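Under my numbering, the first residue of the first sequence is numbered -2, with each subsequent residue one higher. For every residue, glycine included, the Cβ atom is placed at its ideal position computed from N, Cα and C. On a predicted model such as this, the values are computed, not experimentally measured, just so you know. Quick notes on the structure that follows.
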Amino acid sequence: MPYEKHSQTTAPRVRFAPSPTGYLHVGGARTALFNWLFARHTGGTFILRIEDTDFERSSEAMVEGILDGMRWLGLTWDEGPFYQSKRLDLYKETAAKIVASGHAYPCFCTKEELEQRRKEAAEAGRPLMYDRRCRRIPQEEATRRVAAGEPAAIRFAVPENGSTSFDDAVFGKVEFANAEIEDFVLLRSDGIPTYHLSVVADDIDMQLTHIIRGADHISNTPKQVLQYRALGAPLPVFAHVPLILGPDKTRLSKRHGATSVTAYKDMGIVPEAFRNFLSLLGWTPGGIKDESGKEREIFPSDELVQLFSLEGISKSNAVFDNDKLTWFNAEYIRALPVEELSKMLEPVFAKAGMHAAPEKLLAVTPLIRERMKTLNDAAAVADFFFVEELAPYETADLIPQKGDAALALRILAQTRKVLTQVDFSSAAMEQVLREAATELGVKAGPMFQPIRVAVCGRKNAPPLFESMEVLGRAVCLKRIGYAEEKLKLLAAEEPALLNGESHS
RNA sequence: GGCGCUAUCGUCUAGGGGUUAGGACGUGAGAUUCUCAAUCUUAAAACCCGGGUUCGAUUCCCGGUAGCGCUACCA
-2 MPYEKHSQTT APRVRFAPSP TGYLHVGGAR TALFNWLFAR HTGGTFILRI EDTDFERSSE
58 AMVEGILDGM RWLGLTWDEG PFYQSKRLDL YKETAAKIVA SGHAYPCFCT KEELEQRRKE
118 AAEAGRPLMY DRRCRRIPQE EATRRVAAGE PAAIRFAVPE NGSTSFDDAV FGKVEFANAE
178 IEDFVLLRSD GIPTYHLSVV ADDIDMQLTH IIRGADHISN TPKQVLQYRA LGAPLPVFAH
238 VPLILGPDKT RLSKRHGATS VTAYKDMGIV PEAFRNFLSL LGWTPGGIKD ESGKEREIFP
298 SDELVQLFSL EGISKSNAVF DNDKLTWFNA EYIRALPVEE LSKMLEPVFA KAGMHAAPEK
358 LLAVTPLIRE RMKTLNDAAA VADFFFVEEL APYETADLIP QKGDAALALR ILAQTRKVLT
418 QVDFSSAAME QVLREAATEL GVKAGPMFQP IRVAVCGRKN APPLFESMEV LGRAVCLKRI
478 GYAEEKLKLL AAEEPALLNG ESHS
């Protein structure tokens, strides 16, 4: 019974097998995540394997990038990384075994010949498949030519009739007519294996029980099944995961903007949020409700691990929705402990060229955390806490709705006076300034706008009193004084403003 | 072109022979507030089309259409 599946009782062994011809992209990350979740959920083993048999396109830098991405996402692997480039002997042996079993043969056609024939076939409207001509070469002749040193690739001898099928954990039974399957190359004439050979050789050698990978591999699977059979190896469970598409529903690519995982890191996305978002692209835990009976989508990693199962994987492709990722990110940022968030923000300010002392940043963090969607937003939201000099702002912004510059001036003067005496705590300032508003006969809104603009340098800012408390008395008074100067200058140019006439 | 796969709001999805087809993101409106944000309430928004099967299909079957994937001595 050489074709039986792996026993369900053995602990699962899964792998992520990227090819280092590019960075870790979103699709790859999701595949890695699903494998990782599956391994962690089942108590299995997660293996990392680098498929670098394409020497021209692979690079060590790309490997590093992929490992970085994995680490950032917290996808820890248990074995590896194994490099296919160091396992060439295994592939040659495996190819030899398949030849010995009569399921493969040497092919002497050159790449050029094949290309030429394919071109002709295309023009004539004939099928583009390899015509299997070398399969008909008598065995002694083939052996002799190989022995004589004639370059030969090894091709798999696909049955001419019947069909090859497999039971996919996601898609169910998938069947291909053998007549549609080409006699694919196992080993190139230079002795380097093709993908078809190396995956199977490694997947068998590493005793993988489940192959969780992108749905773009569905059509490759029968070629692999054929090899498992030729080698008498037990078939793993195949689980093909639908693809991730861009907003235009074409395969996600650089055209759609950020596609590498590190780009999201650089944008200020939190790994937990990214993981949560990614896990829900093409997978669903099946309607988990919260206390109020609404379905929930926020699942921290440990819960994801607990919930994950192959059954929840959907069959249709999913569009990558940046807005939703941003929402997840904001949710996670808000839920982070202040100390932790504060630490994560340090490099953001450093990168923006601002000195954000840790203690001060710790005080600022709670004021800004529900005002950012990404970590990077912090620099723009909280800049006024850390700069010596405020960025230039419109003097007109100091003037509340009515356009009454004189009123603005009175508000600022009164504020300055009051602030010199008050205990510089947000509660005390709020009380005292509200009293001042009553005295001046102004509502809270108009009262606080000039102060906010003077102190923060813009109309929209974090809560005023808490911000002033962090800023300290000296800075606040200085900024208010400066605002008064600006206002006086403007009023001198446009005296009408002092009469409460609308400023246009 | 051939082969394979898929098809519920704009997007991610739940559901499943009889439902007001549910939720989330986004969008609109309102509430709250010192601004913004957050929060809360609320609205608009979907079963690709055509045939069957059935008392009844969005759900099951077949066909069409569309989208995606594969179609290399790439992975």
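Selected residue, minimal CA-CA separation from residue i, among the options
i, options, result
"V167", "A488, Y88, M444 and G309", "G309"
"A410", "A434, R185 and T50", "A434"
"T218", "E490, N175, D245 and K251", "N175"
"V222", "H100, L242 and E343", "H100"
"F317", "K251, P334 and E343", "K251"
"G159", "I178, A97, P148 and I295", "I178"
"F383", "Q224, A119, G211 and A360", "A360"
"K94", "L184, P239, Y329 and D263", "L184"
"L307", "R37, Y20 and L21", "R37"
"T39", "D128, I63 and T7", "T7"
"L484", "A451, F105, M444 and F235", "A451"
"V60", "P297, L87, L21 and N32", "L21"
"D128", "E110, P268 and R141", "E110"
"I134", "P124, R115, F105 and A118", "F105"
Cβ-based neighbour list, residue i, same chain, cut-off 8 Å, excluding 5 preceding and 5 following
i, result
"R407", "L437"
"P(-1)", "At P(-1), the pLDDT of 38 sits below 50, so the modelled position is not reliable and the matter cannot be decided from this model."
"F173", "S160, T161, S162, S216 and P219"
"V345", "G265, L372, N373, A375 and A376"
"D213", "L240"
Three-state secondary structure (DSSP) of residue i
i, result
"W280", "strand"
"Y390", "coil"
"S160", "strand"
"L85", "helix"
"H214", "helix"
"L416", "helix"
"A260", "helix"
"A315", "strand"
"M(-2)", "Residue placement at M(-2) cannot be trusted, given a pLDDT of 33 that sits under 50; the coordinates are not used to answer."
"R129", "coil"
"E498", "Confidence at E498 is low in this model, with a pLDDT of 48, below 50, so the placement of that residue should be treated as unreliable; the coordinate-derived value is given next. Coil, per DSSP."
"I502", "This structure leaves residue 502 out entirely; the chain is present only between -2 and 501."
"R248", "strand"
"I396", "coil"
"I310", "strand"
"L242", "strand"
"K485", "helix"
"R141", "helix"
"E490", "helix"
Cβ neighbours of residue i in the same chain (closer than 7 Å, five flanking residues each side left out)
i, result
"E76", "T42 and I44"
"D164", "K170"
"L275", "A26, R27 and L30"
"L277", "E294"
"K370", "T323, N326 and A327"
"L249", "V23, G24, I241, L242, G243, T256 and F317"
"C453", "F381 and S464"
"Q204", "R10"
"D65", "T259"
"T73", "none"
"E1", "With a pLDDT of 48 at E1, under the threshold of 50, the modelled position of that residue is not reliable, and the figure given next carries that caveat. These residues qualify, in order along the chain: P231."
Cβ shell of residue i (< 6 Å), same chain only, five flanking positions each side left out
i, result
"P459", "L364 and I365"
"T206", "H3, P9, R10 and P233"
"E48", "A14, S16 and Q81"
"F181", "F153, H193 and K220"
"D187", "none"
"F79", "R46"
"L304", "P282"
"I448", "T412"
"V155", "N175, I178 and D180"
"R208", "First, the residue type needs correcting, since residue 208 is Ile and not Arg in the sequence shown. Answer for I208: P233 and F235, listed in chain order."
Beta-bridge pairing of residue i - partner residues as DSSP gives them
i, result
"F173", "T161"
"P103", "I151"
"A458", "Paired residue(s): none; A458 is not in a bridge."
"F13", "L45"
"E76", "I44"
"P190", "L184"
"A332", "Answer is none; A332 lacks a bridge partner."
"H237", "R210"
"H22", "S257"
"I408", "BP columns for I408 are empty, so no partner."
* Please determine if the region 271 to 284 and the region 310 to 328 are in contact, where contact requires at least 3 C-beta pairs separated by less than 8 Å. => yes
* Would you check if the region 472 to 488 and the region 389 to 407 touch, i.e. whether three or more CB-CB distances between them fall below 8 Å? => yes
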